[in-house]
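Protein chains in written order, with this note's numbering: chain S, 1 to 242; chain R, 243 to 484. Here's the structure, in structure tokens; my notes come after.
Protein chains: 2
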Amino acid sequence: MIAVAVVDARSPGNVGTVARSMKNFGFSDLLLVDPPELDPEGEAYGFAGHAREDVLPNAREVTFDYLVENFHTVGFTAITNEDARSHVRFPFRTPAELADSLRDVEADTALVFGREDVGLTNDELARLDEVCAIPASEEYPVLNLGQAATVVLYELRELTVEQTQLPDVDRERADEDEIERLYDQWADLLDATNHPEEKRSKTMRMLRRVFGRAHLTGREAITLTGVVRRARQYAEGDADSG
Amino acid sequence: MIAVAVVDARSPGNVGTVARSMKNFGFSDLLLVDPPELDPEGEAYGFAGHAREDVLPNAREVTFDYLVENFHTVGFTAITNEDARSHVRFPFRTPAELADSLRDVEADTALVFGREDVGLTNDELARLDEVCAIPASEEYPVLNLGQAATVVLYELRELTVEQTQLPDVDRERADEDEIERLYDQWADLLDATNHPEEKRSKTMRMLRRVFGRAHLTGREAITLTGVVRRARQYAEGDADSG
């Protein structure tokens, strides 16, 4: 299932536009974090077209924590001038590349869009599994929230069809809790190897970014978790004996 | 030159949204047939983002005849089961197919979008050179005017924009020898942690597969290599003391 999440939207009309695009391209599960009030007589319903009948009234209000804990999360952001070599999250995939990468994957995924004016904050981006950006003009790459969601859902439309038409998936992505166990082991390993305090959160972000892009299968997540746990145990043994 | 024409739009906000998407994807020539009033203090300018500085104020008011007589005209319309039997122009092209077909075209082209509610009339469509439709859900294929223009301009961006703002991932991907050093460290770690002999090559294949999919940057490869090296050193310290 691919859900669409909108974080802290200011304008009900934009929420309605997102809902309409969802219905246009075969998506139905809308999740709202800190939404504006959606008056049935107001702009949200006015902009939603036929999505006023289902997508919009069925939208669920959730927390950002809920998204992170229950979904493979993909954030969207406009390009900044950040150097991709830095550890700051940089938009790595285009929506078209995202469609390719999600094609063989069956796990709950949330496409996360931010505020109209400032998008997702760096703190929010740091907690997501992947970051994507829409290729656009160098001169003015910042799309409106509704336009950004429309382009992304347009590019991903074949997934909503394939999901219902293709029963067999080539690989199955790990459950979110299997992935979280892997990150827990990495955190413990950094601890056991006295990884410099000030670098630890940055390194953890790097690990989340890397494994988020790799779309681990359950088997891979379990094997990796075992390898990292073993390393941590050996490292702790050393700490004990030292 | 590829111009964007909007015929008889009812809502100034939609004209502003179209202008913004034009600037996002590198288009500048906006032609308006029977436009609503575009108050500089109103929704058109409010929705236009930075396009309020150029695309929108430079828009020209023209007649439908002018479009037909001076441009290669491409109309956009939704496909609905009802419409498909009555539409006069077939076959439809998708925006992606249109991008391919326009690549070698020298003539001035106008992308023609219709009214919010009924789109272009059959009489208007009959006078245009080509008709395109955006692939969308069978259940609800009718996009909002602003969303339709956004998808089309997004698909045609390569015709106008030489450079998009996405990082050049290929250039910034880690060198192969940086990646190999990472795999060397993993192999050493498996050794240091007495990973079962018979599973070792399989585990190494899994690691190569996972990191291959993640397309590490140089910085990520170096950081990861450092983390794994440190784990191996701690593990070996244990092996020595045990």
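The beta carbon of each residue, even a glycine, is placed where N, CA and C say it ideally should be.
My assumption, with CB atoms under 8 Å, is that residue i sits in contact with residue j. Please give the rounded CB distance.
i      : j      : result
S:P36  : S:P12  : 5 Å
S:A78  : S:A133 : 6 Å
S:S137 : R:F318 : Wrong, their Cβ atoms sit about 21 Å apart, outside the cutoff.
R:L273 : R:V257 : Wrong, their Cβ atoms sit about 11 Å apart, outside the cutoff.
R:Q389 : S:T150 : 4 Å
R:T435 : S:R103 : Incorrect: roughly 35 Å between the Cβ atoms, too far for contact.
S:V112 : S:L67  : 6 Å
S:D108 : S:M1   : 5 Å
S:A214 : R:R455 : 4 Å
S:T160 : S:F64  : That belief does not hold up - the Cβ atoms of S:T160 and S:F64 are roughly 24 Å apart, past 8 Å.
In the DSSP assignment, find the alpha helix (DSSP H) that holds residue i and state where it starts and stops.
i      : result
S:G49  : Unbroken run through S:G49: none, as it is neither H nor E.
R:F306 : F306 to N312
R:A368 : N364 to R369
R:A390 : L387 to E397
R:A338 : P337 to L344
S:V210 : E197 to A214
S:D177 : E176 to A192
What does a CB cutoff of less than 7 Å around residue i pick up in its chain, not counting 5 residues either side in sequence?
i      : result
S:E258 : The shown model of chain S, from 1 to 242, leaves out residue 258 of chain S, and the question about it has no answer.
R:E303 : L274 and P277
R:R450 : Y425
R:H292 : K265
R:H437 : T445
Going by DSSP, what residue range makes up the beta strand (DSSP E) through residue i?
i      : result
R:F223 : Look at the range of chain R in this structure, 243 to 484, and you will see that residue 223 of chain R is not part of it.
S:F113 : T109 to F113
S:V131 : E130 to C132
S:V118 : From DSSP, S:V118 is part of no beta strand (DSSP E); its letter is neither H nor E.
S:V6   : I2 to V7
Suppose the cutoff is 6 Å on Cβ atoms and the five residues either side in sequence are ignored; what does the same chain contact list for residue i look like?
i      : result
S:L182 : A221, L224 and T225
R:V249 : V275 and G356
R:L398 : A341
S:A3   : D29, L31 and A110
S:V210 : none
R:A290 : G258, A261, R262 and L298
R:E420 : G460 and A463
R:R335 : C374
R:G361 : T319
S:P135 : T94
R:L458 : A416
S:P40  : none
S:D170 : Residue confidence for S:D170 is low, a pLDDT of 43 falling below 50, so the modelled location carries little weight; the figure read from the coordinates is stated next. The residues are D104.
S:A59  : L30 and L32
R:R442 : L432
Which residues in the same chain have their Cβ closer than 8 Å to the Cβ of residue i, if we skip the five residues on either side of it in sequence?
i      : result
S:M204 : Y183, W186, A187 and L190
R:E285 : S253, P254, G255 and G258
Are any of the Cβ atoms in chain C nearer than 8 Å to that of residue i?
i      : result
S:T109 : Among the chains of the structure shown, chain C does not appear; the protein chains present are S and R.
Mind listing which residues of the region 14–42 of chain S have their C-beta closer than 7 Å to chain R's C-betas, in chain order?
T17, R20, S21, K23, N24, F25 and G26
By the 9 Å beta-carbon criterion, what residues does the region 194–213 of chain S contribute toward chain R?
Answer set for the region 194–213 of chain S: N194, H195, K199, K202, T203, M206, L207, R209, V210, F211, G212 and R213.
Within the chosen definition, does the region 262–272 of chain R reach the region 139–147 of chain S through at least 3 CB pairs nearer than 8 Å?
The region 262–272 of chain R is in contact with the region 139–147 of chain S.
Please name the residues in the region 49–61 of chain S whose beta-carbon is closer than 8 Å to at least one beta-carbon of chain R, in chain order.
Those residues of the region 49–61 of chain S that come within reach of chain R (Cβ to Cβ, closer than 8 Å) are G49, H50 and A51.
Should the region 462–476 of chain R be regarded as contacting the region 222–237 of chain S, the criterion being three or more beta carbon pairs within less than 8 Å?
By the Cβ rule, the region 462–476 of chain R counts as touching the region 222–237 of chain S, because three or more pairs are nearer than 8 Å.
Assess contact between the region 68–76 of chain S and the region 126–138 of chain S, defined as three or more Cβ pairs (one per stretch) separated by less than 8 Å. Is contact present?
yes
For the pair the region 39–56 of chain S and the region 186–199 of chain S, tell me if three or more CB-CB distances fall below 8 Å.
no
Contact list for the region 131–146 of chain S against chain R, Cβ threshold 9 Å
A133, I134, P135, A136, S137, E138, E139, Y140, P141, V142, L143, N144 and G146
By the 9 Å beta-carbon criterion, what residues does the region 183–194 of chain S contribute toward chain R?
W186, L189, L190, A192, T193 and N194
Given a limit of 8 Å on CB to CB distance, which residues of the region 454–469 of chain R reach chain S?
R455, A456, H457, L458, T459, G460, R461, E462, T465, L466 and V469
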